[in-house]
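Down below is the structure, laid out as structure tokens.
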Amino acid sequence: MAPGSLHYVGPREADPTLATLIEYGQGAEDFQETHFTTLEEGADYQPKHPLLWLNLHGLANIDLLKIVGRRFGLHPLVLEDILNTEQRPKVEVFNGYVFICARLVSVNEAGEISSEHVSIVLGRNYVLTFQEQPSGTFNQIREGLKSNHSQLRRFGTDYLVYTLLDKLVDRYFVVLEALSERCEDLDDAISEGPHPAQLQEIQALRRTMQYVKRGLWPLREVMNTLQRDEADFFRDETQLYLRDVYDHVVQMIESGEALRDLVNSLQDNYMSLQANRMNIEMRRLTVLTTIFMPLTLIAGIYGMNFEVMPELHWRWGYFAVLGGMAVIGLGLTLYFRAKRWF
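Position 40 of the sequence shown, counting from 1, maps to 39 under numbering that gives the first Met the number 0, and the rest follow consecutively.
Here it is, written out as structure tokens:
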């Protein structure tokens with residue numbers, strides 16, 4: 000397709016689109032929340048308050064996204080990136096607004112990690128957010144806007160974007176903590192005894208770490224670019240908060256690298272314990288072979304078909320050979336036990 004043409008790109012079917020418009024200001028009565036599900040509802044709506052936050056979750060309704068794009072003057076390439084859920088996190092500054100792409104990660108009760116594509120547009124008096132699927136990550140921020148005493152109401156839309164980014168970055172803390180707990184549990188299980196399923200778990204952890212890294216590492220450049228903010232979309236007070244988010248991103252990258260080293264050490268530990276177990280088994284087999292070697296030799300000698308073998312005609316020959324073999328076997332067993340070979 001031609002650049003700028005709009006179509007949904009993603010590994011799963013797009014969710015139905017629901018638009019939520021929050022209008023607010025500093026006054027006690029300056030708050031209103033409105034939901035849109037159809038084109039007609041959103042096309043002619045006129046805001047009643049100075050600041051607004053429009054959130055769309057679900058990217059199935061491309062026509063509604065086109066209306067939003069025309070209403071706020073978004074470039075077609077921006078809309079294309081919004082619909083591309085495989086887009087790498089980035090930030091771009093346009094004439095009149097800033098466009099931010101990021102990935103929102105989450106972990107469920109079963110410990111499964113997932114992520115979704117999130118896009119943020121910051122204008123002079125508005126914020127647009129586009130989520131791949133319904134999520135409660137930003138519910139706390141919505142509740143904060145309802146209170147006329149909150150900082151979100153006192154400060155501008157740039158502070159709202161900081162809050163959204165901070166919440167998004169905090170999700171990585173939760174995910175890294177969950178991965179750290181999985182590593183600790185796996186380390187304990189490996190110490191009790193290596194099992195092939197544990198190696199599969201290590202490989203799954205390595206893939207998950209790579210998955211998280213692809214979303215986390217570009218965030219450092221995103222936050223670094225926002226701090227430079229040559230177009231002055233962020234006030235000096237908000238820049239201080241952005242710097243704090245940047246520090247959190249750097250800290251998580253370092254934690255992620257340490258966690259990746261831990262995963263590598265888990266594999267090394269697993270392979271070492273497996274090799275040690277193999278050595279023990281080989282030593283036991285060697286001991287058994289050594290014990291039975293002289294017994295096999297004796298049995299082989301007396302199994303030869305010679306006519307002249309004096310012991311064959313001795314009345315106690317059979318029992319004497321068995322007794323000798325028993326003494327040799329017992330002696331070798333006691334010797335290896337004394338050497339702690341098994």
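Quick reminder that beta carbons are idealized off the backbone N, C-alpha and C, glycines included.
Reference residue i; option with closest CA among the options
i: Asn348; options: Trp315, Gln25 and Val117; result: Not covered by the structure: residue 348. The range shown for the chain is 0 to 341.
i: Met324; options: Arg314, Leu296 and Ser105; result: Leu296
i: Arg153; options: Leu167, Gln25, Ala109 and Lys145; result: Gln25
i: Thr128; options: Ala196, Val106 and Leu51; result: Leu51
i: Ala101; options: Leu163, Ser149, Asn94 and Leu63; result: Leu163
i: Gln273; options: Gly192, Asp14 and Gly110; result: Gly192
i: Gly110; options: Ile119, Glu28, Ile140 and Asp184; result: Asp184
i: Ser114; options: Val90, Glu85, Ile140 and Phe291; result: Glu85
i: Gly255; options: Ser134, Pro88, Met292 and Arg206; result: Arg206
i: Asp235; options: Tyr158, Phe291 and Leu151; result: Tyr158
i: Asn138; options: Leu284, Lys166, Asn263 and Glu131; result: Lys166
i: Ile99; options: Ala298, Val160, Pro309 and Pro293; result: Val160
i: Asp186; options: Ser271, Ala319, Ser146 and Ile300; result: Ser271
i: Gly9; options: Ile81, Asp62 and His34; result: Ile81
i: Gly135; options: Ile279, Phe35, Leu321 and His56; result: His56
Whole-Å CB distance - residue i paired with residue j, under 8 Å assumed
i: Trp340; j: Val286; result: 5 Å
i: Thr356; j: Asn83; result: The structure shown does not extend to residue 356, since the chain is modelled only from 0 through 341, so no value can be given for it.
i: Asn223; j: Tyr245; result: 7 Å
i: Ile66; j: Leu144; result: So it is not a contact: roughly 24 Å between Cβ atoms.
i: Phe232; j: Val77; result: Between Val77 and Phe232 the Cβ distance is about 15 Å, and since that is not below 8 Å, they are no contact.
i: Asp29; j: Tyr23; result: 6 Å
i: Leu5; j: Glu108; result: Leu5 to Glu108, Cβ: 36 Å. No contact.
One or two residues paired with residue i in a DSSP bridge
i: His116; result: Arg102
i: Leu287; result: Answer is none; Leu287 lacks a bridge partner.
i: Asn54; result: Thr19 and Thr128
i: Asn83; result: Val8
i: Gln150; result: Note: Gln150 sits in no beta bridge, so no partner.
i: Phe35; result: Ala18
i: Asp30; result: Here the sequence assigns Phe to residue 30, which means Asp is not the residue at that position. Per DSSP, Tyr23.
i: Val92; result: Val97
i: Leu167; result: None, per the DSSP bridge assignment.
i: Leu121; result: Val97 and Val126
Alpha-carbon to alpha-carbon, residue j and residue i
i: Thr237; j: Glu142; result: 21 Å
i: Pro195; j: Leu178; result: 20 Å
i: Phe172; j: Ser149; result: 25 Å
i: Ser32; j: Val92; result: Reading off the sequence shown, one finds Glu at residue 32, where the question assumed Ser. Cα-Cα distance, rounded: 28 Å.
i: Met281; j: Leu329; result: 21 Å
i: Gly122; j: Pro49; result: 12 Å
i: Glu220; j: Val104; result: 18 Å
i: Asn304; j: Leu311; result: 11 Å
i: Tyr317; j: Gly302; result: 12 Å
i: Ala18; j: Ser190; result: 51 Å
i: Lys47; j: Gly155; result: 16 Å
i: Asp243; j: Asn275; result: 47 Å
i: Val211; j: Pro75; result: 29 Å
i: Gly347; j: Arg227; result: The structure shown does not extend to residue 347, since the chain spans only 0 to 341, so no value can be given for it.
i: Glu262; j: Glu253; result: It should be pointed out that residue 262 corresponds to Val in this sequence rather than to Glu. So the alpha carbons of these two residues sit roughly 14 Å apart.
i: Phe94; j: Leu73; result: The question names Phe, but residue 94 in the sequence shown is Asn. So the two alpha carbons sit approximately 10 Å from each other.
i: Lys338; j: Arg314; result: 38 Å
i: Leu294; j: Ala319; result: 13 Å
i: Arg170; j: Ile140; result: 14 Å
i: Arg213; j: Asp267; result: 24 Å
i: Leu361; j: Asp260; result: Nothing about residue 361 can be reported from this structure: the residues present for the chain run from 0 to 341 only.
i: Phe335; j: Phe291; result: 13 Å
i: Phe35; j: Arg11; result: 24 Å
i: Pro309; j: Ala298; result: 16 Å
i: Ala188; j: Ile112; result: 21 Å
Contact check, residue i vs residue j, beta carbons under 8 Å
i: Phe71; j: Tyr7; result: no
i: Met277; j: Leu175; result: no
i: Leu258; j: Met208; result: yes
i: Thr289; j: Leu331; result: yes
i: Val248; j: Val168; result: yes
i: Tyr269; j: Ile327; result: no
i: Arg181; j: Leu198; result: no
i: Val120; j: Leu225; result: no
i: Pro133; j: Leu218; result: no
i: Leu64; j: Glu131; result: no
Proximity test, Cβ basis, 8 Å: residue i and chain B
i: Pro15; result: The structure shown contains no chain B; it is built from a single protein chain.
Any non-hydrogen atom of the ligand ADP within 7 Å of residue i CB
i: Tyr171; result: Ligands are entirely absent from the displayed structure, and the ligand ADP is therefore not among its contents.
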